[in-house]
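Student: I'd like to ask you about the structure that follows.
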Amino acid sequence: MKYDHKKIEKKWQGYWEKNRTFEVDEDSDKKKYYCLDMFPYPSGDGLHVGHPEGYTATDIFSRYLRMHGYNVLHPMGWDAFGLPAENFAIKKSVHPSTTTKKNIDHFRTQIKSLGFSYDWNREVNTASEEYYKWTQWLFLELYTHGLAYKKKAPVNWCPSCQTVLANEQVENGVCERCEHTVVQKELEQWFFKVTQYAEQLLNDLDSLDWPDPIKNAQRNWIGKSEGSLLQFPLVGKNVPTYRYVLLHGYDGSPDGIFFPWLKKELEKRGSSVTVPKLPHSDTPQEQEQVDYVLKHCKFDQCTILFGHSLGAVIALKVAEKLSSPIAGLVLAGGFIENNFRDQPRPFDSTFSWKFDFEKITRNAGNIKIISEQNDYAIPREQGRKIQAALGGSLTEVAGEESHFIGEKEPALLAHLAPTISVFTTRPDTLFGATYMVIAPEHPLIMDKKLGIENHAEVSAYVSNTKKKSERERLHLQKEKTGVELKGVRAVNPATGKEIPIWIADYCVASYGTGAIMAVPAHDQRDFEFAKKFGLPITMVICPHYPAPTCPVRDEAYIGPGHLVESGQFTGMASTEATHEITNFAGGVTKINYKIRDWLISRQRYWGAPIPIIYCEACGEVPVPQIDLPVFLPTDVDFRPTGESPLTRSASFHDVKCPSCGAHARRESDTMDTFVCSSWYFLRYSSAHSANAPFEKEKIEYWLPVDMYVGGAEHAVLHLLYARFITKALRDMGYLNFSEPFSRLRNQGLILGEDGEKMSKSRGNVINPDEIIELYGADTMRLYEMFMGPFEDAKPWSTKSIIGIRRFLEKVWRVYECQRDRIKWTESKILEKMIHKTVKKVTEDIVTFKFNTAISALMICTHALTDTHAKGEKIPISYLEKFILLLSPFAPHMAEELWQGLGKTDALAFHPWPTYDPTFLEEEMYKLIIQINGKVRDSIEISKETTEDEIKKIALGRETTQKWLEGKTISHVIVIPNRLINIVVE
RNA sequence: GCCCGGGUGGUGGAAUGGUAUACACGAGGGACUUAAAAUCCCUUGCCGUAAGGCUUGCGGGUUCGACUCCCGCCCCGGGUACCA
3 MKYDHKKIEK
13 KWQGYWEKNR
23 TFEVDEDSDK
33 KKYYCLDMFP
43 YPSGDGLHVG
53 HPEGYTATDI
63 FSRYLRMHGY
73 NVLHPMGWDA
83 FGLPAENFAI
93 KKSVHPSTTT
103 KKNIDHFRTQ
113 IKSLGFSYDW
123 NREVNTASEE
133 YYKWTQWLFL
143 ELYTHGLAYK
153 KKAPVNWCPS
163 CQTVLANEQV
173 ENGVCERCEH
183 TVVQKELEQW
193 FFKVTQYAEQ
203 LLNDLDSLDW
213 PDPIKNAQRN
223 WIGKSEGSLL
233 QFPLVGKNVP
243 TYRYVLLHGY
253 DGSPDGIFFP
263 WLKKELEKRG
273 SSVTVPKLPH
283 SDTPQEQEQV
293 DYVLKHCKFD
303 QCTILFGHSL
313 GAVIALKVAE
323 KLSSPIAGLV
333 LAGGFIENNF
343 RDQPRPFDST
353 FSWKFDFEKI
363 TRNAGNIKII
373 SEQNDYAIPR
383 EQGRKIQAAL
393 GGSLTEVAGE
403 ESHFIGEKEP
413 ALLAHLAPTI
423 SVFTTRPDTL
433 FGATYMVIAP
443 EHPLIMDKKL
453 GIENHAEVSA
463 YVSNTKKKSE
473 RERLHLQKEK
483 TGVELKGVRA
493 VNPATGKEIP
503 IWIADYCVAS
513 YGTGAIMAVP
523 AHDQRDFEFA
533 KKFGLPITMV
543 ICPHYPAPTC
553 PVRDEAYIGP
563 GHLVESGQFT
573 GMASTEATHE
583 ITNFAGGVTK
593 INYKIRDWLI
603 SRQRYWGAPI
613 PIIYCEACGE
623 VPVPQIDLPV
633 FLPTDVDFRP
643 TGESPLTRSA
653 SFHDVKCPSC
663 GAHARRESDT
673 MDTFVCSSWY
683 FLRYSSAHSA
693 NAPFEKEKIE
703 YWLPVDMYVG
713 GAEHAVLHLL
723 YARFITKALR
733 DMGYLNFSEP
743 FSRLRNQGLI
753 LGEDGEKMSK
763 SRGNVINPDE
773 IIELYGADTM
783 RLYEMFMGPF
793 EDAKPWSTKS
803 IIGIRRFLEK
813 VWRVYECQRD
823 RIKWTESKIL
833 EKMIHKTVKK
843 VTEDIVTFKF
853 NTAISALMIC
863 THALTDTHAK
873 GEKIPISYLE
883 KFILLLSPFA
893 PHMAEELWQG
903 LGKTDALAFH
913 PWPTYDPTFL
923 EEEMYKLIIQ
933 INGKVRDSIE
943 ISKETTEDEI
953 KKIALGRETT
963 QKWLEGKTIS
973 HVIVIPNRLI
983 NIVVE
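Going by the numbering used here, the residue at position 858 of the first sequence is 860; the numbering climbs one at a time, nothing skipped.
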């Protein structure tokens with residue numbers, strides 16, 4: 003009978019489906035293993051030959067583990083939301099849901115035709131209501147835990163796709179999908195607070211069995227750097243100087259927390275500062291304290307009144323009582339209601355919580371409200387309430403300590419005095435900071451009060467930068483441009499000298515503080531800029547100390563050394579100076595990350611709607627869980643206009659506020675598809691659960707994923723987001739593990755026959771259906787595994803597939819010929835061979851070296867064929883072992899042959915064959931004889947041969963003698979069981 | 001620029017300090033056949049008639065011995081982009 007792959011493959015695929023062979027349940031008696039593929043986006047092009055590469059690897063691994071008694075969860079699903087379906091819909095007027103359904107059906111058929119052992123009962127589809135309901139649930143959970151927030155942000159806007167792109171979807175300034183130039187636009191956007199987990203996302207990488215390049219890419223993406231935050235005061239003839247009155251809080255004093263530091267910093271800037279010691283600070287009386295302040299402090303149009311905590315309340319009361327306006331009122335960690343997050347305080351009887359806001363507003367001048375992000379005492383909404391009552395600007399910042407009780411609080415200083423904050427990793431070079439640079443987007447430029455004299459020139463530079471797309475910036479290479487701000491200068495906090503401030507696009511707004519101290523002698527970029535614009539370059543780190551001089555070089559010196567020209571620090575090692583100078587300059591040490599919060603809003607139709615409702619009265623209201631899902635309406639005109647398509651659906655858009663019942667509107671943006679894929683691996687555990695995204699017991703049994711396989715293109719985005727969501731859900735109490743994927747392996751790219759990346763435009767795309775039709779699924783699976791190392795990129799070769807097909811036919815023939823004459827027989831050669839093969843294949847599967855495993859199967863097959871050709875019979879147990887070894891790779895043929903041997907049990911769960919190492923031991927070995935490291939001869943000898951005997955035998959050989967003639971032996975090296983090297987002359 | 005990979009026959013690749021080129025494709029030759037296909041066998045790194053010499057991107061080094069370890073360089077692929 004001929005090997006008929008079509009008949010056999012159809013037969014066994016039907017068998018597995020009918021018998022639900024690969025459907026699994028929790029079974030506490032068995033060890034679990036969760037083996038997962040990255041689920042595909044079901045594109046209209048159908049399956050690509052790259053897909054089965056990873057799927058085959060996980061299938062081999064899953065089948066291997068089942069044969070070791072593991073309960074293997076091996077699921078498949080669809081990452082079904084996304085732009086291509088919507089773009090196709092716009093072009094062809096077919097609804098995305100129709101296209102997606104069709105594509106999924108096609109993908110499923112194609113994947114099933116390869117005979118993978120998936121549990122199809124757990125299939126998930128991110129675009130289904132049953133799934134995105136829980137994606138919305140996830141959003142709400144993040145929202146209620148403060149991990150989802152909205153803010154106006156400059157976003158990457160693709161004019162062609164008419165959508166916002168995440169930073170990571172922009173490549174070289176163009177859209178990663180359509181390659182149009184991306185522009186900047188300001189929009190209200192939803193974010194997930196990934197930055198809150200930056201440190202954990204970095205540290206936990208160490209515990210993972212992932213490829214090093216992937217871990218590295220994530221480390222670089224998170225981009226941790228340690229440095230200092232330094233304040234550079236602004237001066238200039240138009241920059242005003244103020245007189246400050248600083249009011250401490252409940253149980254505080256002028257000597258407490260940041261007050262001494264703040265006073266000193268302000269005085270350094272030439273201001274006078276009064277910090278009154280408020281009477282009875284531990285049992286404060288409103289009247290007494292207000293009167294004290296009014297009596298002991300002077301208020302005029304140059305005064306800035308500052309209050310911290312309860313001091314802010316006093317400041318408000320003082321402002322209320324003034325007869326003429328002051329320059330400004332700054333409230334830090336302030337409040338206007340007597341309730342606190344942590345514990346009650348005894349202000350009720352001694353304070354009146356009534357304020358004449360109108361009068362305060364009239365007297366207070368410029369009002370700034372600063373709340374602390376993680377304030378333990380003051381409720382979050384207090385900042386907003388004060389702003390609602392008084393107006394002014396509200397900023398939420400992270401203090402050095404909760405409620406601003408650190409010894410230094412630079413954020414407060416920055417709001418009190420005109421100051422530029424910079425982040426630097428090299429505070430040791432501060433004495434060499436000869437100028438400053440701020441980014442074109444820096445808010446300082448918009449500050450009219452500073453009196454920038456060349457405003458026209460500066461504005462021209464700013465708008466020029468905005469016009470320059472990212473791509474143009476790249477084309478201009480590293481040519482530095484910039485404009486000096488006239489009429490305003492900064493003071494180097496170490497030298498006390500005034501230095502110029504420049505605006506230049508080599509300083510980017512999105513990192514650090516958007517401003518830098520420029521140290522041209524020790525930073526290459528600053529060096530180039532200083533050279534171009536003739537700015538002073540001062541060496542402050544000398545590599546060879548002590549040296550008589552430390553001349554400026556042709557490039558920046560970035561290494562370590564000893565300080566010179568650095569006042570009291572001269573002579574100190576640069577490494578040591580880092581902390582010393584930070585303290586001296588009144589700065590604080592700070593850790594900065596490159597990673598930004600995850601922008602998840604998309605102005606698109608084909609995604610999960612963000613479950614938020616906007617109400618005039620109640621503000622932003624989350625959709626109650628019971629109302630989920632927020633259905634994606636089907637009757638929407640989704641053609642792109644720049645607005646979210648959902649705003650054009652009145653039935654979707656107009657709703658009642660869940661909180662007050664008034665007329666309200668829905669959020670019309672949808673979520674980034676990466677949100678859907680950041681939790682799907684949890685859903686597989688409980689794919690049918692209607693009442694929860696996943697069930698606790700099931701999660702505890704199956705998760706985390708033990709082996710995850712997919713393309714390296716997801717090195718940062720998907721994997722980082724999934725890790726973030728896992729940690730967030732863990733902290734909410736839903737999960738008891740920190741990392742979703744314990745082991746990760748990346749499949750290498752399959753290139754076209756021309757060695758280039760497969761693409762429609764190149765016309766080098768291979769259709770897997772044709773290969774399966776012609777050669778069969780087993781051949782396809784084996785070929786993709788045999789091409790080369792799993793993780794390497796490798797070119798497709800249709801020509802070479804025939805070799806795999808020949809191999810399978812050869813296996814088939816061995817069994818055909820043996821079928822009627824099988825019986826036990828002795829054969830030493832085959833015994834060794836079969837044990838060797840079991841060992842090699844077993845080791846290679848666990849290390850993902852499938853190509854050499856297949857090579858071992860081929861070698862074994864040759865031996866079987868040879869034995870048969872000699873008219874000898876092959877022991878049935880060897881034939882069985884061989885089928886078992888072959889079965890993870892070519893399961894259809896293996897099942898068929900297994901049945902042919904008269905077996906009735908399920909091959910899928912049959913124990914994996916074992917090998918006996920004693921059969922692998924050889925009595926004889928081939929001794930290599932080298933002379934001066936070159937192979938000259940070899941001889942079969944016994945393993946028992948001693949070193950001396952080896953020497954004698956080797957030296958006695960005629961061939962050896964020929965090479966040794968006329969030479970002197972200097973020494974001889976014998977490596978037992980391997981070789982002898984005779985070194986001559 | 002920086003960070004990762006990688007460079008071995010005509011081709012895909014094997015070998016992680018010990019016989020470089022396993023396995024497969026392709027090519028050449030042979031057997032079987034009326035013939036072809038299929039199958040089976042042999043040959044196949046390069047130079048050389050041969051003895052022999054040379055050979056893992058290039059140049060050095062360590063070692064009795066290096067594809068493998070170290071230093072310098074070249075080339076190819078991927079990621080990243082003035083990150084202070």
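For glycine and all other residues, C-beta sits at the position ideal for the given N, C-alpha and C.
As the structure is a prediction and not an experimental result, all values here were calculated from the model.
(1) Just to confirm my understanding: we take lysine 135, look at its own chain, exclude 5 residues before and 5 after, and list those with CB closer than 8 Å. What are they?
(2) Using C-beta distances below 6 Å, list every residue in its chain close to glutamate 507, excluding the 5 sequence neighbours before and after it, in chain order.
(3) Taking the beta carbon of valine 277 as the centre, do at least 16 other beta carbons fall within 10 Å, making it buried, or is it exposed?
(4) Closer than 7 Å: is that where the CB of aspartate 449 sits relative to any heavy atom of the ligand FMN?
(5) Would you tell me roughly how many angstroms separate the C-alpha atoms of phenylalanine 261 and leucine 248, rounded to the nearest one?
(6) Classify cysteine 552 as buried or exposed, calling it buried when 16 or more other Cβ atoms lie within 10 Å of its own Cβ.
(7) Got a sec, what are the start and stop residues for the alpha helix (DSSP H) glycine 16 sits in?
(8) Using the Cα positions of threonine 675 and glycine 84, report the straight-line distance between them to the nearest angstrom.
(9) Rounded to the nearest angstrom, what separates valine 166 and arginine 604 at their Cα positions?
(10) Rounding to the nearest angstrom, what Cα-Cα distance links glutamate 201 and glycine 401 in this structure?
(11) According to DSSP, is aspartate 39 helix, strand or coil?
(12) Where does the unbroken alpha helix (DSSP H) through tryptophan 704 begin, and where does it stop?
(13) Buried or exposed: arginine 555, going by 16 or more other Cβ atoms within 10 Å of its Cβ?
(14) Would DSSP call aspartate 708 helix, strand or coil?
(15) Three-state secondary structure (DSSP) at glutamine 233?
(16) In this structure, does DSSP put glutamine 289 in helix, strand or coil?
(17) On the three-state DSSP scale, how would you describe serine 465?
(18) Taking the continuous beta strand (DSSP E) assigned at tryptophan 223, which residues delimit it?
(19) Kindly confirm or deny that the region 116-134 and the region 588-595 touch, where touching means at least three C-beta pairs closer than 8 Å.
(20) Would you call the region 960-980 in contact with the region 928-939, where contact means no fewer than 3 C-beta pairs closer than 8 Å?
(21) Thinking just about the alpha-carbon of each residue, which of Lys356, Ser857 and Pro502 is nearest to the one in lysine 488?
(22) My parser needs the alpha helix (DSSP H) runs of 4 or more residues fully inside the region 104-156; what are they?
(23) Using a Cβ-Cβ cut-off of 7 Å (strictly less than) and excluding sequence neighbours within five positions of serine 64, which residues of its own chain qualify?
(24) Just mark alanine 896 as buried or exposed, buried being the case when its beta carbon has 16 or more other beta carbons within 10 Å.
(25) May I have the straight-line CA-CA distance separating arginine 473 from threonine 183, to the nearest angstrom?
(26) Report the residue from Pro706, Lys830, Asp639 and Phe891 whose alpha carbon sits nearest the alpha carbon of asparagine 89.
(27) In three-state DSSP terms, what is valine 1?
(28) Could you tell me the boundaries of the alpha helix (DSSP H) in which histidine 665 lies?
(29) Let's test the definition: count the other Cβ atoms within 10 Å of the Cβ of glycine 621 and tell me whether it reaches 16, buried, or not, exposed.
(30) Using the Cα positions of leucine 565 and proline 522, report the straight-line distance between them to the nearest angstrom.
(31) Whole angstroms is fine: what's the gap from valine 657's alpha carbon to tryptophan 704's?
(32) Please state the DSSP three-state secondary structure of methionine 438.
(33) Checking 8 Å against the spacing of the C-beta atoms, do leucine 268 and leucine 307 come in under that value?
(34) Excluding the five sequence neighbours on either side, which residues of its own chain have a C-beta within less than 7 Å of the C-beta of alanine 1, listed in chain order?
(35) Between which two residues does the alpha helix (DSSP H) containing asparagine 89 stretch?
(36) Just the Cα atoms here: how many angstroms apart are isoleucine 836 and leucine 866?
Tutor: Put simply:
(1) Here residue 135 refers to the residue found at position 133 of the first sequence. Closer than 8 Å at the Cβ level, and outside the excluded window around lysine 135, lie Leu630 and Pro631.
(2) To locate residue 507, count along the first sequence from 1; it is residue 505. According to the sequence displayed, residue 507 carries aspartate and not glutamate. If we look at aspartate 507 and ignore the five residues flanking it on each side, its Cβ neighbours are Pro442 and Thr467.
(3) What you label residue 277 is simply residue 275 of the first sequence in a count that begins at 1. By the 10 Å Cβ count, valine 277 comes out buried.
(4) What this structure holds is no ligand at all, so the ligand FMN is not there to describe.
(5) Within the first sequence, residue 261 is the residue found at index 259, counting from 1. Within the first sequence, residue 248 is the residue found at index 246, counting from 1. Whole-angstrom Cα-Cα distance: 8 Å.
(6) Taking the first sequence and counting its residues from 1, one reaches residue 552 at position 550. Label assigned to cysteine 552: buried.
(7) Locating residue 16 in the first sequence gives position 14, counting from the first residue. 7-20 is the span of the alpha helix (DSSP H), which, as asked, contains glycine 16.
(8) Within the first sequence, the letter at position 673 stands for residue 675. Within the first sequence, the letter at position 82 stands for residue 84. So the two alpha carbons sit approximately 6 Å from each other.
(9) Position 164 of the first sequence, counted from the first residue, corresponds to residue 166. Position 602 of the first sequence, counted from the first residue, corresponds to residue 604. So the two alpha carbons sit approximately 6 Å from each other.
(10) By one-based count along the first sequence, residue 201 stands at place 199. By one-based count along the first sequence, residue 401 stands at place 399. Cα to Cα, glutamate 201 sits roughly 18 Å from glycine 401.
(11) Translated into the one-based positions of the first sequence, residue 39 becomes position 37. In this structure, aspartate 39 counts as strand in the three-state DSSP scheme.
(12) Against the first sequence, residue 704 aligns to sequence position 702. Run containing tryptophan 704: 698-704, per the alpha helix (DSSP H) assignment.
(13) By 1-based counting over the first sequence, the position of residue 555 is 553. Its Cβ having fewer than 16 others within 10 Å, arginine 555 is exposed.
(14) As a working note, residue 708 is residue 706 in the first sequence. It is a strand residue.
(15) The sequence position of residue 233 within the first sequence is 231, counting from 1. Here glutamine 233 sits in strand by DSSP.
(16) Here residue 289 refers to the residue found at position 287 of the first sequence. Correct three-state label for glutamine 289: helix.
(17) As a first step, residue 465 is located in the first sequence; it is residue number 463 there, counting from the start. Reduced to three states, the DSSP call for serine 465 is helix.
(18) Working through the first sequence from its first residue, we reach residue 223 at position 221. Premise fails: tryptophan 223 lies in the alpha helix (DSSP H), 214-224, not in any beta strand (DSSP E).
(19) no
(20) yes
(21) Translated into the one-based positions of the first sequence, residue 488 becomes position 486. Checked all of Lys356, Ser857 and Pro502; the closest Cα to lysine 488 is Pro502.
(22) 131-146
(23) Locating residue 64 in the first sequence gives position 62, counting from the first residue. So the qualifying residues of the chain are Cys37, Val74, His76 and Ser119.
(24) Position 894 of the first sequence, counted from the first residue, corresponds to residue 896. It counts as buried.
(25) Within the first sequence, the letter at position 471 stands for residue 473. Within the first sequence, the letter at position 181 stands for residue 183. Residue placement at arginine 473 cannot be trusted, given a pLDDT of 49 that sits under 50; the coordinates are not used to answer.
(26) The residue you call residue 89 lines up with position 87 of the first sequence. It is Asp639 whose Cα lies nearest to the Cα of asparagine 89.
(27) The shown model of the chain, from 3 to 987, leaves out residue 1, and the question about it has no answer.
(28) Locating residue 665 in the first sequence gives position 663, where the first residue counts as 1. Not the alpha helix (DSSP H): histidine 665 falls in the beta strand (DSSP E), residues 665-668.
(29) Here the question's residue 621 lines up with position 619 in the first sequence. Exposed, by the Cβ-count rule.
(30) As a working mapping, residue 565 is identified with position 563 in the first sequence. As a working mapping, residue 522 is identified with position 520 in the first sequence. The straight-line gap from Cα to Cα measures roughly 15 Å.
(31) For the purposes of this step, residue 657 is taken as residue 655 along the first sequence, with counting starting at 1. For the purposes of this step, residue 704 is taken as residue 702 along the first sequence, with counting starting at 1. So the alpha carbons of these two residues sit roughly 40 Å apart.
(32) Stepping through the first sequence from its first residue, residue 438 is reached at position 436. Looking at methionine 438 - three-state DSSP - the assignment turns out to be strand.
(33) Stepping through the first sequence from its first residue, residue 268 is reached at position 266. Stepping through the first sequence from its first residue, residue 307 is reached at position 305. Contact: no.
(34) One cannot answer for residue 1 here, as it falls past the ends of the chain, which runs 3 to 987.
(35) Locating residue 89 in the first sequence gives position 87, where the first residue counts as 1. That run of the alpha helix (DSSP H) goes 85-94.
(36) On the first sequence, residue 836 is found 834 positions in, with the first residue counted as 1. On the first sequence, residue 866 is found 864 positions in, with the first residue counted as 1. One C-alpha to the other measures close to 9 Å.
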